[in-house]
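For reference, the structure is listed below as structure tokens.
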Amino acid sequence: MPEGHTLHRLALVHQDLFGGQELAVSSPQGRFAAESALVDGMRLESAEAHGKHLLHHYGPDRTVHVHLGLYGTFTEQPVPEPPPVGQVRMRLVGRTHVADLRGPTACELLTDEQVTALHARLGPDPLRDDADAERAWAVISGSRKTIAAQLMDQKVIAGVGNVYRAEVLFRHGIPPLTPGNALDRQTWDVIWADLVELMHDGVRVGRIDTVRPEHDPAITGRAPRQDRHGGEVYVYRRAGMPCLVCGTPVSMCEYQARNLYWCPSCQA
DNA sequence: GCCTTATGTTCAC
DNA sequence: TGAACCTAAGGCT
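The first sequence begins at 9 in this note's numbering and counts up one residue at a time.
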């Protein structure tokens, strides 16, 4: 679930369901109890996302910061408020809906200064209007680190995760281990533009779909679709399965403690 | 039912 | 480099 598109979608949903309302904020599990008391009953002014970080702004020095990590979830349901099921770190209750947060890496109250610092340590986000792709290019093109490594570095570019990394590199035939300083400007422009489009699609649809219609296995019959990431993709988690474009088995290796997927033929 | 794995990050050594 | 965090889903028995 949680790459940048998930958090931006949550920000939109929360803005829609809770924005402008005074919320009952609690921590049924207890681990956020002391801090939730400091925003309980306050009006949610706005919700925003930057990369994989979600921010709920209640007022000066009253911003709740959430990072879902690998398996955190945020779920919404209509009122009335049901008894909490499992470990609910934070619960929001508004006029019409209840939202429960489970298993996050981070759920904490930030001062305005800390919010500023958070934004400052994150790179441009393809899903934000204020994103400056030039900043990311300056870092990438000036480094020998591979494009695969830099796409996952949140201070270089915010919101891209393992799925979008694998898919955007595949879609443009880029070998994952290409050093950043060996990429040409045009290739970077194409990567950025495609991330903007793919990730906006992800926000709209609520899952990651990257396969172009002409390669859709349901149409070409080349391979069964695999759904474990929630959408339809070219190479992510398809190791050993035939490439949807050329039929070569998809490669995988462990790279910097994450699985890296690519087509050895299309991305030679 | 049990085991493995995961779209992520931080911290200790 | 590896462990910790601590949840859910899928595959297996």
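Beta carbons: idealized from backbone N, C-alpha and C, even for Gly. All figures in this text were calculated on a predicted structure; none of them were measured in a lab.
Approximately 7 Å separates the beta-carbon atoms of residue 11 and residue 60; this is inside 8 Å, confirming the contact. At a cut-off of 4 residues, the continuous stretches assigned as alpha helix (DSSP H) that sit fully inside the region 33-59 are 41-44. Our two residues, residue 122 and residue 137, have alpha carbons roughly 22 Å apart in a direct line. A distance below 7 Å between beta-carbons, with the five flanking residues on each side excluded, links residue 178 to the following residues of its chain, in chain order: 242, 243, 270, 271, 274 and 275. Contact annotation: residue 105 and residue 86 have beta-carbon atoms nearer than 8 Å. A residue is called buried when at least 16 other Cβ atoms come within 10 angstroms of its Cβ; residue 88 does not meet this threshold and is exposed. Residue 43 and residue 249 have their C-alpha atoms roughly 48 Å apart.
Bounds of the alpha helix (DSSP H) holding residue 170 are 170-179. Rounded to the nearest angstrom, the Cβ distance from residue 202 to residue 168 is 11 Å, too far for a contact under 8 Å.
Judged by DSSP in its simplified three-state form, residue 151 adopts coil rather than helix or strand. As for any beta strand (DSSP E) of minimum length 3 sitting wholly inside the region 78-158, the runs are 81-86, 96-101, 105-110 and 114-118, ordered along the chain. By the neighbour-count criterion, in which 16 or more other beta carbons inside 10 Å mark a residue as buried, residue 67 falls on the exposed side. Sixteen is the threshold: since fewer than 16 other Cβ atoms of the shown chains lie within 10 Å of the Cβ of residue 180, the residue is exposed. About 5 Å separates the CB atoms of residue 65 and residue 53; that is less than 8 Å, so the two are in contact. Rounded to the nearest angstrom, the gap between the Cα atoms of residue 14 and residue 209 is 11 Å.
When only Cα atoms are considered, residue 262 and residue 73 end up about 31 Å apart. In this structure, residue 158 sits near residue 148, with a CB-CB distance shorter than 8 Å.
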